[in-house]
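> Going down the list, the protein sequences come from chains E and S. For reference, each letter of the first sequence is one residue, going 10 to 498 in the working numbering. For reference, each letter of the second sequence is one residue, going 10 to 498 in the working numbering. Ideal placement from N, C-alpha and C gives every residue a C-beta, glycine not left out. Owing to the predicted nature of the structure, the values given are computational and were not obtained by experimental measurement. Below: one structure in structure tokens.
Protein chains: 2
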Amino acid sequence: MAKAIPSRSEDYSLWYNELVKKAGLAENSPVRGCMVIKPYGFAIWEKMQQTLDQMFKDTGHENAYFPLLIPKSFLSKEADHVEGFAKECAVVTHYRLKNDEGGKGVVVDPEARLEEELIIRPTSETVIWDSYKNWIQSYRDLPILVNQWANVMRWEMRTRLFLRTAEFLWQEGHTAHATKQEAIDETNQMLNVYATFAEEFMAMPVIKGVKTESERFAGAVDTYCIEAMMQDGKALQAGTSHFLGQNFAKAFDVKFATKEGKEELVWGTSWGVSTRLMGALIMAHSDDDGLVLPPKLAPIQVVIVPIYFKDEQLAQIEEVVNPLVSELKAKGISVKFDTRDTHKPGWKFAEYELKGVPVRLAIGPKDLEKGTVEVARRDTKEKSFEKIDGIVDHVSGLLEEIQSNIYNKAKNFREENTKSADTYDEFKELVEHGFVLAHWDGTAETEEKIKEETKATIRCIPLDQQKEEGKCIFTGKPSEGRVLFAKAY
Amino acid sequence: MAKAIPSRSEDYSLWYNELVKKAGLAENSPVRGCMVIKPYGFAIWEKMQQTLDQMFKDTGHENAYFPLLIPKSFLSKEADHVEGFAKECAVVTHYRLKNDEGGKGVVVDPEARLEEELIIRPTSETVIWDSYKNWIQSYRDLPILVNQWANVMRWEMRTRLFLRTAEFLWQEGHTAHATKQEAIDETNQMLNVYATFAEEFMAMPVIKGVKTESERFAGAVDTYCIEAMMQDGKALQAGTSHFLGQNFAKAFDVKFATKEGKEELVWGTSWGVSTRLMGALIMAHSDDDGLVLPPKLAPIQVVIVPIYFKDEQLAQIEEVVNPLVSELKAKGISVKFDTRDTHKPGWKFAEYELKGVPVRLAIGPKDLEKGTVEVARRDTKEKSFEKIDGIVDHVSGLLEEIQSNIYNKAKNFREENTKSADTYDEFKELVEHGFVLAHWDGTAETEEKIKEETKATIRCIPLDQQKEEGKCIFTGKPSEGRVLFAKAY
Numbered sequence: 010m011a012k013a014i015p016s017r018s019e020d021y022s023l024w025y026n027e028l029v030k031k032a033g034l035a036e037n038s039p040v041r042g043c044m045v046i047k048p049y050g051f052a053i054w055e056k057m058q059q060t061l062d063q064m065f066k067d068t069g070h071e072n073a074y075f076p077l078l079i080p081k082s083f084l085s086k087e088a089d090h091v092e093g094f095a096k097e098c099a100v101v102t103h104y105r106l107k108n109d110e111g112g113k114g115v116v117v118d119p120e121a122r123l124e125e126e127l128i129i130r131p132t133s134e135t136v137i138w139d140s141y142k143n144w145i146q147s148y149r150d151l152p153i154l155v156n157q158w159a160n161v162m163r164w165e166m167r168t169r170l171f172l173r174t175a176e177f178l179w180q181e182g183h184t185a186h187a188t189k190q191e192a193i194d195e196t197n198q199m200l201n202v203y204a205t206f207a208e209e210f211m212a213m214p215v216i217k218g219v220k221t222e223s224e225r226f227a228g229a230v231d232t233y234c235i236e237a238m239m240q241d242g243k244a245l246q247a248g249t250s251h252f253l254g255q256n257f258a259k260a261f262d263v264k265f266a267t268k269e270g271k272e273e274l275v276w277g278t279s280w281g282v283s284t285r286l287m288g289a290l291i292m293a294h295s296d297d298d299g300l301v302l303p304p305k306l307a308p309i310q311v312v313i314v315p316i317y318f319k320d321e322q323l324a325q326i327e328e329v330v331n332p333l334v335s336e337l338k339a340k341g342i343s344v345k346f347d348t349r350d351t352h353k354p355g356w357k358f359a360e361y362e363l364k365g366v367p368v369r370l371a372i373g374p375k376d377l378e379k380g381t382v383e384v385a386r387r388d389t390k391e392k393s394f395e396k397i398d399g400i401v402d403h404v405s406g407l408l409e410e411i412q413s414n415i416y417n418k419a420k421n422f423r424e425e426n427t428k429s430a431d432t433y434d435e436f437k438e439l440v441e442h443g444f445v446l447a448h449w450d451g452t453a454e455t456e457e458k459i460k461e462e463t464k465a466t467i468r469c470i471p472l473d474q475q476k477e478e479g480k481c482i483f484t485g486k487p488s489e490g491r492v493l494f495a496k497a498y
Numbered sequence: 010m011a012k013a014i015p016s017r018s019e020d021y022s023l024w025y026n027e028l029v030k031k032a033g034l035a036e037n038s039p040v041r042g043c044m045v046i047k048p049y050g051f052a053i054w055e056k057m058q059q060t061l062d063q064m065f066k067d068t069g070h071e072n073a074y075f076p077l078l079i080p081k082s083f084l085s086k087e088a089d090h091v092e093g094f095a096k097e098c099a100v101v102t103h104y105r106l107k108n109d110e111g112g113k114g115v116v117v118d119p120e121a122r123l124e125e126e127l128i129i130r131p132t133s134e135t136v137i138w139d140s141y142k143n144w145i146q147s148y149r150d151l152p153i154l155v156n157q158w159a160n161v162m163r164w165e166m167r168t169r170l171f172l173r174t175a176e177f178l179w180q181e182g183h184t185a186h187a188t189k190q191e192a193i194d195e196t197n198q199m200l201n202v203y204a205t206f207a208e209e210f211m212a213m214p215v216i217k218g219v220k221t222e223s224e225r226f227a228g229a230v231d232t233y234c235i236e237a238m239m240q241d242g243k244a245l246q247a248g249t250s251h252f253l254g255q256n257f258a259k260a261f262d263v264k265f266a267t268k269e270g271k272e273e274l275v276w277g278t279s280w281g282v283s284t285r286l287m288g289a290l291i292m293a294h295s296d297d298d299g300l301v302l303p304p305k306l307a308p309i310q311v312v313i314v315p316i317y318f319k320d321e322q323l324a325q326i327e328e329v330v331n332p333l334v335s336e337l338k339a340k341g342i343s344v345k346f347d348t349r350d351t352h353k354p355g356w357k358f359a360e361y362e363l364k365g366v367p368v369r370l371a372i373g374p375k376d377l378e379k380g381t382v383e384v385a386r387r388d389t390k391e392k393s394f395e396k397i398d399g400i401v402d403h404v405s406g407l408l409e410e411i412q413s414n415i416y417n418k419a420k421n422f423r424e425e426n427t428k429s430a431d432t433y434d435e436f437k438e439l440v441e442h443g444f445v446l447a448h449w450d451g452t453a454e455t456e457e458k459i460k461e462e463t464k465a466t467i468r469c470i471p472l473d474q475q476k477e478e479g480k481c482i483f484t485g486k487p488s489e490g491r492v493l494f495a496k497a498y
């Protein structure tokens with residue numbers, strides 16, 4: 010079998026693209042910038058969805074669904090918002106096709122032109138706050154804690170599977186509150202939910218922080234984010250939580266009567282993660298042989314491959330393995346027993362390595378004699394022979410160990426590749442390889458110049474930032490603490 | 010409290026619309042024909058989704074995701090398909106907005122015109138079979154058993170919440186097979202899955218049948234359906250399963266190498282149910298006081314309302330109710346203990362009746378003394394006092410009883426309102442009130458004429474149709490069995 014994918018050191022970008030395709034996660038569609046998420050990729054996304062959805066519900070949120078299309082005029086109601094999204098909107102102008110009279114086949118019917126053009130939602134603040142206006146009269150109607158799982162569209166010019174696509178799947182939470190503090194608390198709570206999900210389920214350590222003004226969501230007062238390091242040292246923004254202040258309440262005239270009978274504007278938040286997390290998951294852990302999936306998000310946690318020549322041998326193996334499969338399933342472990350005779354064991358080994366199945370068991374006639382099974386873990390590639398007796402507990406413990414090992418590996422990698430820089434020369438050198446903590450004078454102008462010269466951006470002002478007097482690496486002006494710079498996806 | 014909704018006998022159509030809005034299920038959006046599904050409505054839809062999704066997975070299907078947008082040219086590749094959908098397509102023509110130089114605000118940027126217009130999917134056969142072409146080379150790649158949960162858009166001129174909306178949510182299964190028989194078996198299997206779901210979960214009896222040619226899905230060889238009777242005697246098509254033959258394989262050139270090395274066209278099916286099921290659920294069971302939900306799909310199965318004047322009394326009630334709530338939850342019963350002091354018990358009773366909560370428990374100081382609780386069931390409105398001791402088992406049994414009672418009631422109603430007609434006069438009279446089984450000569454012409462004159466259509470040729478010699482009620486020509494006529498949603 011030929012090598013499935015190029016190595017990371019050869020070409021990191023090509024490694025990623027080929028891995029996504031070869032592992033059966035996603036592929037490009039005939040529509041520019043849109044992707045097809047294939048069953049194996051979607052199974053991982055479903056696990057993410059289910060986990061996040063439960064976390065949202067546990068924090069009091071309900072799901073709802075708002076329209077795909079947004080009147081063009083809605084977008085203009087919040088000035089920063091339209092500025093941020095107008096350039097990447099897919100626009101619906103007509104609602105009918107017809108047969109061309111000149112025989113050119115099916116054409117757009119010019120008579121079916123919409124009076125007002127409709128935008129495919131790039132995000133739903135506008136259409137949702139337009140609804141909230143009707144939902145909210147008094148303090149009794151607050152808070153509104155709503156989330157929606159949806160597809161959105163941003164017409165990006167340069168796209169990459171999962172990381173940046175014209176259409177992507179996401180969830181967007183939109184909440185409305187009576188007080189500023191409640192909205193700020195919600196913003197923080199959801200940032201923490203995202204961080205917990207990234208670290209405990211994706212096994213991906215993240216840095217929590219707040220964006221600078223120039224990286225803020227269009228229409229937000231403050232944008233909080235989680236940033237993760239990929240294996241090439243670049244940063245990937247894995248989720249954002251926005252404190253919207255009263256901006257959208259103002260734009261859509263959403264007011265409520267307080268307990269005291271006064272009329273006040275409502276406070277808002279919004280927060281989202283998307284199929285981009287799939288890109289993060291892949292790039293954070295995988296290696297030159299394929300995916301490395303954290304057990305908590307792996308659609309198949311354990312695969313069992315029988316090694317046999319004759320059908321009688323398979324029958325004997327099945328006699329031992331079938332009860333094992335039931336036991337594993339009873340423990341909530343997802344297991345696949347691959348008895349296909351269309352592929353050889355070696356092919357299957359490579360296939361499940363490529364697909365990142367955390368634990369592989371192989372069992373043949375000799376193992377049956379000895380009462381053992383070969384156990385291979387995907388993360389370290391270590392193999393061992395274990396007694397069949399007690400293998401279920403062994404596997405269960407191993408899955409936990411793999412989950413924490415993957416996390417620790419990613420965390421160590423990030424720590425090794427996060428440096429402090431005190432001069433601009435030092436900065437330019439270090440930022441080629443990882444995260445750099447450096448002083449910055451707080452101006453958008455300096456931020457922009459550094460970006461132009463180095464392609465690195467301020468990922469965030471970390472929430473655990475230490476107060477430290479220093480000088481901006483670029484202008485030498487005073488600074489009160491280091492911010493996190495990196496090149497980013 | 011004013012009566013929330015008009016009665017069914019006053020105005021069935023208005024009853025439905027007001028019920029949908031007042032029960033907090035959905036509302037119209039500012040975009041013509043699109044709806045906002047509100048949290049309570051979405052919670053019911055989520056229960057439907059979860060149940061169906063598990064049924065699809067249990068029958069071997071996997072989820073995937075295909076693009077929202079479809080190139081216009083794809084639609085034209087299958088002749089019947091484009092004929093069926095061209096007239097209701099939302100068309101994306103541009104991908105950017107800009108600030109108008111004349112100061113008219115944000116306008117469509119004429120320079121960002123797409124070379125080929127894109128259609129918002131009305132259904133995804135074309136874009137999916139375009140992918141299948143790349144996924145399928147040999148018999149080893151078959152069958153492909155894929156489903157997707159998605160939003161679709163059909164620009165309907167007359168819309169009604171849930172029943173007919175421009176954008177709706179649905180699932181669409183798309184499978185590919187090596188043989189005709191396998192594809193037919195799949196079509197039947199999924200029809201049965203839908204029928205089981207409708208009857209066992211929605212408590213809604215359905216008639217399984219095959220559509221006549223004129224009601225067939227655009228591009229199918231055969232369309233199977235389930236038809237349910239609403240309380241006004243009209244039919245609602247609740248799900249369809251299509252045997253596509255090799256039509257889409259031909260259109261997209263999808264061939265495979267057989268075991269014997271021959272090249273053959275792939276056989277296909279597609280099948281779907283949508284948020285229309287919400288409309289069916291509402292109209293099948295609800296009454297003049299509001300929703301009546303089958304327990305298996307009710308977001309809240311049991312509500313507990315405390316009756317008290319003083320806070321000490323509430324504390325005493327809570328002491329008894331809190332352990333009850335835990336016990337109910339441990340049994341997998343969803344329960345809400347509504348201790349809000351902003352609303353009176355009477356208001357709460359009306360509210361939960363409106364929302365269709367199957368079982369209501371009310372408990373006050375006198376009940377505490379006697380060790381009883383008032384139990385009210387939503388379907389029959391019956392009330393009784395039951396011992397608190399053993400109430401969990403009582404409620405659990407009651408939920409099962411309600412589920413089957415609702416089903417039986419709907420089934421009896423349908424049986425009472427399904428008649429046979431042997432003359433056209435008889436037919437015209439009967440079809441005003443329910444389903445009519447009548448002979449038909451098998452021509453589209455007769456079907457069309459009957460539709461024009463009576464507004465009734467052939468809902469299906471029932472799968473359990475009896476062979477019976479007869480004469481077409483309209484033309485008197487010979488017929489071999491009765492078909493099902495009704496007015497329909």
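(1) Would you give the residue range spanned by the alpha helix (DSSP H) that THR463(E) belongs to?
(2) Name, in chain order, the residues that DSSP records as bridge partners for GLN180(S).
(3) One question on the structure: do ALA6(E) and MET238(E) come within less than 8 Å of each other, judged by their Cβ atoms?
(4) Hey, quick one: how far does the beta strand (DSSP E) through ARG386(S) stretch, first residue to last?
(5) Distance, Cα to Cα, ASN256(S) vs ARG285(S)?
(6) Show which residues of chain C have a CB atom less than 7 Å away from the CB atom of LYS107(S).
(7) Ignoring anything shorter than 3 residues or poking outside the stretch 277 to 344 of chain S, list the beta strand (DSSP E) runs there in chain order.
(8) Beta carbons nearer than 8 Å to chain E: which residues of the stretch 13 to 44 of chain S have them?
(9) At the level of alpha carbons, what is the spacing between THR221(S) and LEU472(S)?
(10) Would a check of beta-carbon distances place GLU489(E) closer than 8 Å to chain S?
(11) Between the stretch 48 to 59 of chain E and chain S, which residues of the former have a C-beta closer than 9 Å to a C-beta of the latter?
(12) Among GLY42(S), VAL382(S), ASP298(S), which one has its Cα closest to the Cα of SER16(S)?
(13) Does the beta carbon of GLY341(S) sit closer than 8 Å to a beta carbon anywhere in chain E?
(14) Should ASP67(E) be labelled buried (16 or more other beta-carbon atoms within 10 Å of its own) or exposed?
(15) Give me the Cα-Cα distance between TRP54(E) and THR249(E), rounded to the nearest whole angstrom.
(16) Run through DSSP, which three-state label would MET238(E) get?
(17) Measuring only the C-alpha atoms, how far is PRO487(S) from TYR416(S)?
(18) If GLN180(S) sits next to LEU61(S), beta carbons under 8 Å apart, how far is it from one beta carbon to the other, in whole angstroms?
(19) Would you list, in sequence order, the uninterrupted alpha helix (DSSP H) runs of no fewer than 4 residues that lie entirely inside the stretch 26 to 84 of chain S?
(20) Cβ atoms of LEU34(S) and TYR49(S): under 8 Å apart, would you say?
(21) Would PHE75(S) count as contacting chain E if we go by Cβ distances under 8 Å?
(22) Assess, as a yes-or-no matter, whether the stretch 302 to 309 of chain S is touched by the stretch 357 to 369 of chain S under the definition of 3 or more beta carbon pairs within less than 8 Å.
(23) Ignore the nearest five residues each way along the sequence and tell me which others in VAL440(S)'s own chain have a CB closer than 7 Å to its CB.
(24) To be precise: take each residue of the stretch 100 to 127 of chain S, compare its Cβ to all Cβ atoms of chain E, and keep it if any distance is under 7 Å. Which residues remain?
(25) Would you mind working out which of LYS56(E), PHE51(E), GLU97(E), SER82(E) sits nearest GLY42(E), comparing C-alpha positions?
(26) Across the stretch 206 to 216 of chain S and the stretch 262 to 269 of chain S, are there enough close Cβ pairs to call them in contact, namely three or more that are closer than 8 Å?
(27) Three-state secondary structure (DSSP) at LYS480(E)?
(28) Going by beta carbon distance, what residues of the same chain come within less than 7 Å of ILE79(S), once the five residues before and after it are set aside?
(29) Around the Cβ of LYS113(S), are there at least 16 other Cβ atoms within 10 angstroms (buried) or fewer (exposed)?
(30) Tell whether a beta-carbon distance below 8 Å holds between ILE400(E) and VAL382(E).
(31) Assuming MET162(E) and ALA293(E) are in contact, meaning their beta carbons sit under 8 Å apart, how far apart are those beta carbons, in whole angstroms?
Reading off the structure:
(1) Within the first sequence, residue 463(E) is the residue found at index 454, counting from 1. Looking at the DSSP string, the run of the alpha helix (DSSP H) that includes THR463(E) is 453 to 463.
(2) Translated into positions along the second sequence, residue 180(S) becomes position 171. The partner list for GLN180(S) (beta bridge, DSSP) reads TRP158(S), VAL282(S).
(3) The question about residue 6(E) has no answer, for chain E in this structure spans 10 to 498.
(4) In the second sequence, counting from the first residue as 1, residue 386(S) sits at position 377. Note, ARG386(S): beta strand (DSSP E), 381 to 386.
(5) Mapped onto the second sequence, residue 256(S) falls at position 247. Mapped onto the second sequence, residue 285(S) falls at position 276. Between ASN256(S) and ARG285(S), the C-alpha separation is close to 27 Å.
(6) Absent from the structure: chain C. Protein chains present are E and S.
(7) 311 to 315
(8) GLU36, SER38, PRO39, VAL40, CYS43, MET44
(9) Position 212 of the second sequence, counted from the first residue, corresponds to residue 221(S). Position 463 of the second sequence, counted from the first residue, corresponds to residue 472(S). Between THR221(S) and LEU472(S), the C-alpha separation is close to 12 Å.
(10) As a working mapping, residue 489(E) is identified with position 480 in the first sequence. Taking Cβ atoms only, chain S never reaches closer than 8 Å to GLU489(E), which makes this a no.
(11) PRO48, TYR49, GLY50, PHE51, ALA52, TRP54, GLU55
(12) Residue mapping note: residue 16(S) aligns to position 7 of the second sequence, counting from 1. The residue with the shortest Cα to Cα distance from SER16(S) is ASP298(S).
(13) In the second sequence, residue 341(S) corresponds to position 332, counting from 1. No - not a single Cβ of chain E is within 8 Å of the one on GLY341(S).
(14) Taking the first sequence and counting its residues from 1, one reaches residue 67(E) at position 58. Flag for ASP67(E) reads exposed.
(15) Taking the first residue of the first sequence as position 1, residue 54(E) is located at position 45. Taking the first residue of the first sequence as position 1, residue 249(E) is located at position 240. The straight-line gap from Cα to Cα measures roughly 18 Å.
(16) Within the first sequence, numbered from 1, the residue matching residue 238(E) stands at position 229. Strand at MET238(E).
(17) By one-based count along the second sequence, residue 487(S) stands at place 478. By one-based count along the second sequence, residue 416(S) stands at place 407. Each residue's alpha carbon lies about 37 Å from the other.
(18) If you number the second sequence from 1, residue 180(S) lands on position 171. If you number the second sequence from 1, residue 61(S) lands on position 52. GLN180(S) to LEU61(S), Cβ: 7 Å. Contact.
(19) 48 to 67, 81 to 84
(20) To locate residue 49(S), count along the second sequence from 1; it is residue 40. To locate residue 34(S), count along the second sequence from 1; it is residue 25. Result yes, Cβ atoms of TYR49(S) and LEU34(S) sit closer than 8 Å.
(21) Along the second sequence, read from residue 1 onward, the residue named residue 75(S) stands at position 66. Output row for PHE75(S): interface = yes.
(22) yes
(23) Indexing the second sequence from 1 puts residue 440(S) at position 431. Answer for VAL440(S): THR463, ALA465, PHE494, ALA495, LYS496, listed in chain order.
(24) VAL100, VAL101, THR102, HIS103, TYR104, ARG105, LEU106, LYS107, GLY114, VAL115, VAL117, GLU126, LEU127
(25) Sequence index remark: in the first sequence, residue 42(E) carries index 33 (1-based). With distances taken between Cα atoms, GLY42(E) lies closest to GLU97(E).
(26) no
(27) As a first step, residue 480(E) must be located in the first sequence, where it is residue number 471. The answer is strand: DSSP assigns LYS480(E) an E or B state.
(28) Working through the second sequence from its first residue, we reach residue 79(S) at position 70. The residues are LEU127, ILE128, ARG130, THR135, VAL136.
(29) Your numbering for residue 113(S) matches position 104 in the second sequence. Exposed.
(30) Walking along the first sequence from the start, residue 400(E) turns up at place 391. Walking along the first sequence from the start, residue 382(E) turns up at place 373. Contact: yes.
(31) Residue numbering aside, residue 162(E) sits at position 153 when the first sequence is read from its first letter. Residue numbering aside, residue 293(E) sits at position 284 when the first sequence is read from its first letter. Contact doesn't hold; Cβ gap of about 26 Å is too wide.
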